[in-house]
Each structure stands twice: as structure tokens, then as C-alpha cells.
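I have placed the structure first, in the form of C-alpha cells, so that the comments after it can refer back to it.
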Amino acid sequence: MSNSRRKVAIFMHMDGLGRVDVDLNSANTFDDSKVGSFTEVGPWTVDPSKILWLPQVDSLRQRNAASIPKLIKRQLLPPGARVVKVGWHLGKALLQWRLIERPQGNPASREGLSRRLKVAFEVLGPTYVKLGQIISSGEGIFPVELVTEFKELRDKVTPEPFDRVRRTIEHDLGATIEDVFSSFNPVAIASASIAQVYLATLRTGEEVVVKVQRSTVAEFVKRDLAAMAWFSPALVGRIPVAALANPPALVDLFAETIVEELDFRLEAANMLDIARILAETDQRSIVVPRPHPRYVTKRVMVMQRLQGFSWDDAQGMRDAGIDTSKVLRAALVAFMEGAILYGVFHGDLHGGNLMVQRDGKVALLDYGITGRLSEFKRLAFLRLLMGGTINDIKMQTSALRDLGALPQDTDIEAVIRDLGLDKPAKDPTTMTPDELTKEIRELTKALLGYGARLPKELMLFIKNMIFLDASLSRLAPDVDLFAEIMYLATYFSNKHGARIAAEIGIDPRERAVDLDGVRGSLGLDAETEAITYRELRERRETIRTRMEENARRNSKRAENKTALSKITKTTSKALRGATSVAQKLAKR
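Just so you know, my numbering puts 130 at position 130 of the sequence shown, and the rest follows in order with no gaps.
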């Protein structure tokens with residue numbers, strides 16, 4: 001950026017903002033390290049007092065929150081056209097799979113189904129792409145083939161034609177692309193459910209990234225939410241897994257997150273909130289790209305361009321001398337501090353939203369989904385994690401109740417007793433597939449009996465923890481998990497012990513870490529002193545293989561039973577025919 005002193009008059013078509021004079025040099029005299037965790041050197045500095053779009057944020061949040069009940073209100077009649085289209089594309093994908101890949105058996109069957117579902121989700125638009133993105137960060141929970149295919153929905157969705165993109169940019173900025181940018185690459189570097197991302201250079205010389213919302217996304221989201229709101233109540237209690245996931249709450253979560261994602265001014269404000277928390281906790285190993293102080297509107301956001309290694313490129317990082325286990329640890333600590341100490345956290349962690357710079361710092365991207373907890377629920381989260389650290393089952397269960405996972409009048413002691421939470425854990429690797437299936441079925445039945453649900457705030461938190469857990473396989477497969485838990489507990493005790501004691505009445509500095517609960521959750525016996533993620537993954541693979549083999553045996557038995565039944569029916573019919581003929585001959 002030139003050091004010459006200059007002022008630029010810019011017309012901003014942004015909710016009534018008119019022509020403004022901005023001193024480009026004065027912005028760079030402000031030390032923004034005090035307000036956020038950013039790169040040491042940036043294209044501009046972030047001075048909240050001079051950000052044109054920031055004063056609108058509170059009223060925008062209130063307006064969005066007020067619109068959600070109407071969007072998810074169940075209508076008298078279903079939104080027919082959208083339901084038909086969804087049914088057509090999903091039904092076609094399943095039918096083609098049944099006819100082509102399923103007869104081939106696994107892995108071809110799973111690969112074919114995953115590929116066809118990915119294509120159907122992409123065709124159905126942003127809401128289903130967003131669902132696919134959630135699945136893509138569920139490694140260890142969903143089949144690997146499904147996760148692999150759905151990863152493409154993070155940033156490889158077919159982009160919108162550039163002429164539409166140009167119209168959106170020029171409408172929202174109130175100026176032509178050429179007036180604002182000296183260069184603008186029309187080929188998107190990323191294209192996902194809500195927006196597309198481009199590389200450009202401002203006329204003032206800064207290299208930037210430009211995020212542009214898809215022109216039809218708002219209308220698609222409204223129709224999809226209407227369809228989901230119609231069907232979700234019918235799923236409650238009908239499918240055990242769906243019942244625990246609480247389908248109406250999932251629709252509510254979709255509505256809250258996607259509606260907020262449709263306004264980039266809110267996303268830019270989320271960036272500043274997360275950056276502030278990272279600065280206040282001195283987590284400078286995580287950096288946030290600077291949003292532009294002027295060029296942020298409802299559908300367009302200009303931000304600092306950052307570069308680095310893909311989150312999945314563990315070998316590239318190691319070759320560059322980066323300690324990938326420290327990278328993962330920094331991400332985990334920052335995520336947990338934001339959630340339990342401030343009630344604000346990045347709500348959509350996946351490989352497409354993280355990159356690692358050559359200095360080892362993690363660049364955190366895409367703030368469309370940001371978890372925000374009320375003070376009551378933040379303290380419940382704190383008690384949940386503290387209870388896990390000291391293996392206090394009653395504290396953990398009551399915290400889950402306060403988070404909404406159980407009804408408020410739940411008898412905590414009865415839940416612990418009926419679910420056997422106070423009993424030694426069973427090792428799933430020593431159980432037969434039938435025993436494990438029975439155990440899961442009985443546990444699910446008991447949870448449903450208590451009215452258990454997975455509240456929306458917990459959904460976001462668990463999704464992120466699943467992603468970070470899966471990242472261990474690439475970034476730190478041989479790290480001792482128990483040692484890492486001890487490190488985290490010691491870190492929070494030493495740095496935040498006084499605050500935790502004041503907020504929940506338990507001082508972690510005076511309570512020893514109890515790993516028995518962790519061992520129990522992993523199905524390990526009390527004698528296990530250490531376990532790496534590689535070893536844990538092998539245990540999971542053993543269980544998965546046994547379950548699949550059992551399913552194949554059951555399927556084969558069912559096929560044999562069906563074939564035997566057909567043979568029996570055919571033989572019986574033949575015998576009846578022969579008997580009838582014999583009787584007729586005898587009468588002659």
C-alpha cells in the first residue's frame with residue numbers, strides 16, 4: 001500500500017449509507033493486536049471505531065432472530081413442489097444404487113451410494129450441501145466412503161456463472177468491479193453451499209479474498225426450511241437415532257445458522273468476536289483474517305488474503321518443520337476456551353475452514369456458523385467438562401440436563417442407576433456383534449424413556465469435537481491421549497483455575513484428574529496406562545469389521561431363508577399339483 005497521504009471518496013450501497021470520505025493512512029496507525037489475534041503484518045488494521053458496517057450488527061442479529069419462528073413454523077399443508085423435487089432426486093439416487101452398486105457388495109456398494117448421495121445433495125442446493133458438510137466432518141462416526149465424498153461439498157460445488165457474481169458485487173458495493181479492484185480473477189478458488197470465493201487486488205494495492213453469496217441461496221433456504229419444519233416432528237420417537245438427535249431442534253439449528261450465514265456483516269462481526277477472545281486468552285497461535293473496514297455488505301465480504309498448508313496436508317507441514325501435534329493442541333485449547341469461558345466458539349470446524357501458515361500458526365476461516373451460549377448454558381458446559389475431568393458422573397449428568405439433553409425434572413440418581421453409569425465399563429472389542437447391538441439398543445431405549453434429546457448447542461460442540469478427534473489420525477496419531485488430557489487439565493487449572501472456582505464452586509487446582517471416566521468412555525479397563533489414537537482407531541476398526549461381518553452373515557442367512565422358503569413353496573405347489581393329477585387319474 002502506498003505511503004502517500006490520500007483520501008478516497010467511496011459510494012457504499014449498504015442500507016442507506018451514502019458517500020463517505022475515508023483516510024486510508026489513519027487506519028494503519030492503530031495497533032489492532034489489542035483488539036484481536038491477527039497476523040503481525042496486515043494489509044490494513046482493524047479499528048472498531050472506524051468500521052462502517054459494525055454499528056448495524058446488533059440490530060441485524062435481533063432482526064434475524066425475530067424472523068426464525070416464522071421460517072420454521074409448521075404450515076397446514078406441506079410445501080409440495082419442493083418435497084416432490086427432494087423425493088425425486090434422493091429416490092433416484094437410491095434406486096440407481098440398489099440396481100447397480102448394491103449387488104456388487106462392499107466396498108463398491110458404499111462408494112456408489114456415497115457418490116450418488118453427494119451428487120443429489122449438490123443438486124438440491126445449499127441446505128443439503130450444508131448437511132453434507134456436517135457429515136464430511138464426522139470421521140469415525142460415518143462410513144469413510146461417505147465422509148470422503150462429502151468433503152467435496154466443502155469447497156467444490158459447481159460455481160455460479162460469473163455474470164451473476166458480477167451483478168451481486170456491483171449491486172452491493174454500488175460501484176463496478178473495475179472501480180473497486182485493479183484485478184479480479186473470475187475463476188472461483190472455492191465454491192460451497194452459501195458462497196463462492198475469489199482472489200482480487202484492490203485499487204489501493206492490497207491482495208484480498210472476496211466472498212460472494214450465491215444469488216438464489218436465500219430463496220432455496222426458505223423453501224428447504226419449510227419442508228424440513230413440516231417433516232421433522234413426524235420423526236420424533238420413530239427412529240431411535242433421530243429421536244436422540246431431536247429433529248425439530250436440528251431444523252431450528254439449521255435455521256439459526258443458515259439465516260445468519262446469509263448476512264456477511266454478521267459473519268464479519270463473528271470474526272472480530274473470535275479474534276478478540278483469542279487475544280484476551282493470549283492464543284496468538286490462532287489467527288483470524290481481517291475483514292475490510294468498508295467493503296462488507298449483506299452479500300459481499302472483502303477480507304485479508306492468507307496462505308498456508310491445507311489442514312489435511314500433515315506431511316507437507318512436517319516437511320516444513322511444523323510440529324503438527326502442537327498445531328492440533330492449539331486449535332483444541334482455543335476452541336474449548338472460547339466455549340466454556342466466553343460462550344462463543346467457531347461452530348463449523350472442518351478441513352476446508354482451517355489452514356496452517358509456514359510459521360505454524362493456524363488460520364481460522366469461515367465464520368458463518370458461530371456457537372453462542374447463554375450464561376446459564378455456558379456454566380453448564382463448564383460443569384460438564386469439569387465433571388469429566390474429575391470423573392464426577394452426577395455433575396456431568398446434571399450439566400447435560402441443564403443443557404437441555406434431559407427434562408428439567410429428571411431424577412439424576414435414577415438416570416445414573418438405570419443406565420449403569422456408575423458401573424465398570426464393558427470393553428466393546430470383547431463383545432460379540434449381537435451383544436454390542438443389544439447393548440446399544442437397550443441404552444437407546446433407556447435414554448428415550450427419560451426423554452433424552454441432543455440440544456442444538458451441544459450438536460455444534462460435538463460436531464467440532466468429532467472433527468478434532470478425527471484430526472488426530474493425521475496430525476498426532478502416536479500422541480498418548482491420556483497425556484494430552486492431563487496437559488489440558490493442567491493448562492486450564494493453572495491459567496483459569498481461580499475463575500473456574502469462582503463460577504462453579506469447584507477449584508481444579510485442588511482436585512486431581514481422574515482418568516477412570518475417560519477409560520470407561522473408551523471401553524478400556526482400569527489397568528490401561530496409555531493409548532494412542534492409532535491404537536484407538538484399530539480398536540474402532542475391529543468393532544466396525546465385526547459388525548459388518550455379522551451384518552453380512554445375517555443378510556446371507558436372510559437370503560438363504562428366503563431362497564429356502566421359495567423352494568419350499570415351489571415344492572409344495574408341485575406336490576399339490578401332482579396329488580391333484582393322481583386323484584384325477586384314480587377317479588378314471
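Cβ coordinates follow ideal geometry from the N, Cα and C atoms, glycine included.
Find out if the Cβ-Cβ distance for the pair Asp525, Asn391 is shorter than 8 Å. For Asp525 and Asn391, no; Cβs fall outside 8 Å.
Of all the beta strand (DSSP E) runs that stay within the bounds of the region 262 to 309, which reach a length of 3 or more residues? 291 to 296, 300 to 304
Starting from the C-beta of Leu421, find all residues in its chain whose C-beta is less than 6 Å away, skip the five residues before and the five after it, and write them out in chain order. Ile393
Are three or more beta carbon pairs between the region 43 to 52 and the region 61 to 68 nearer than 8 Å? In short, these stretches do not touch, since the Cβ pair count stays below three.
Going by DSSP in three states, His13 sits in which element: helix, strand or coil? Any reading at His13 needs caution, since the residue's pLDDT is 35, under 50, leaving its predicted position unreliable; the model's value is listed next. Of the three classes helix, strand and coil, the one that applies to His13 here is strand, per DSSP.
On the CB-based measure, 16 or more other CB atoms within 10 Å of its CB, does Val241 come out buried or exposed? Model confidence at Val241 stands at a pLDDT of 43, short of 50, so the residue's coordinates are unreliable; what they give is reported in the following sentence. Val241 comes out exposed.
Backbone secondary structure at Gly316 - three-state DSSP: helix
Based on DSSP bridge pairs, tell me the residues matched to His346. DSSP lists Thr370 as the beta-bridge partner residues of His346.
Return the first residue and the last residue of the alpha helix (DSSP H) that Leu385 is part of. 375 to 390
Might you give, ordered along the chain, the residues of its own chain that have their beta carbon closer than 6 Å to the beta carbon of Ser4, omitting 5 neighbours on each side? Unreliable positioning characterises Ser4 in this predicted model, as indicated by a pLDDT of 33, which lies under 50. The coordinate reading is nonetheless provided below. Excluding residues within five positions, none has a Cβ falling inside 6 Å.
For a test of the three-state rule: what should DSSP assign to Gln357, helix, strand or coil? coil
Taking the alpha-carbon of Ile369 as reference, which of Val221, Gln357, Pro248, His346 has the nearest alpha-carbon? His346
Give the DSSP bridge partners of Asp480, in chain order. Thr532
First through last residue of the alpha helix (DSSP H) which encompasses Thr397: 393 to 402
By DSSP's criteria, Ile211 is part of a beta bridge. Which residues make up the other side? Sequence inspection shows Lys at residue 211; the Ile mentioned does not correspond to that position. DSSP output for Lys211 lists Val197, Met301 as bridge partner(s).
With a CB to CB cut of under 7 Å and the five nearest residues on each side skipped, what residues in its chain are close to Arg203? Val180, Phe181, Ser182
Leu117 - containing beta strand (DSSP E), residue span: Note, Leu117: premise wrong, no beta strand (DSSP E); alpha helix (DSSP H) at 108 to 124.
Length of the line joining the Cα atoms of Ala243 and Leu124: Unreliable placement is indicated for Ala243, whose pLDDT of 48 sits below 50; the coordinate value is still reported in the next sentence. Near 25 Å, if we compare the C-alpha coordinates of Leu124 and Ala243.
Determine the direct distance from the alpha carbon of Gly520 to that of Gly132, and round the result to whole angstroms. 31 Å
Any 3 or more C-beta pairs closer than 8 Å across the region 251 to 270 and the region 298 to 310: yes
DSSP three-state assignment for Leu524, whether helix, strand or coil: coil
Nearest neighbour of Gly174, chosen from Asp409, Val296, Ile322 [CA to CA]: Val296
Grab me the residues of Val129's own chain with a C-beta within less than 8 Å of its C-beta, minus the 5 sequence neighbours each way, in chain order. Phe121, Glu122, Leu153, Val157, Ala192, Ser193
Cβ atoms of Ala195 and Lys211: under 8 Å apart, would you say? Cβ atoms of Lys211 and Ala195: closer than 8 Å.
Classify Val41 as buried or exposed, calling it buried when 16 or more other Cβ atoms lie within 10 Å of its own Cβ. exposed
Looking at Leu454 and Ala405, is the spacing between their C-beta atoms short of 8 Å? Their beta carbons are under 8 Å apart, which means Ala405 touches Leu454 by this criterion.
I need the straight-line Cα distance from Leu379 to Ile531, nearest angstrom please. 31 Å
Arg534 to Ser473, Cα distance in whole Å? Going from the Cα of Arg534 to the Cα of Ser473 covers about 7 Å.
Rounded C-alpha distance that separates Ser374 from Gln56: So the alpha carbons of these two residues sit roughly 22 Å apart.
Does DSSP put Ser26 in a helix, in a strand, or in coil? With a pLDDT of only 46 at Ser26, under the threshold of 50, the placement of this residue in the model should not be trusted, and no figure is reported.
Tell me which residues share the same chain as Gly316 and place their Cβ nearer than 8 Å to its Cβ, disregarding the 5 neighbours each side in the sequence. Phe309, Ser310
Do we get a CB-CB distance below 8 Å when we pair Met301 with the residues of chain B? In summary, chain B is missing from the structure at hand, where a single protein chain is found.
So what does Ser493 bridge to, in DSSP terms? None; Ser493 has no bridge partner.
Following the continuous beta strand (DSSP E) through Leu364, name the residue where it begins and the one where it ends. 362 to 364
Could you say which of His171, Ile258, Asp418, Thr389 lies nearest to Tyr367 if we only look at CA atoms? Measuring from the Cα of Tyr367, the nearest candidate turns out to be Ile258.
Count the C-beta pairs between the region 31 to 41 and the region 273 to 291 that are closer than 8 Å, then say yes if the count reaches three, no if not. yes
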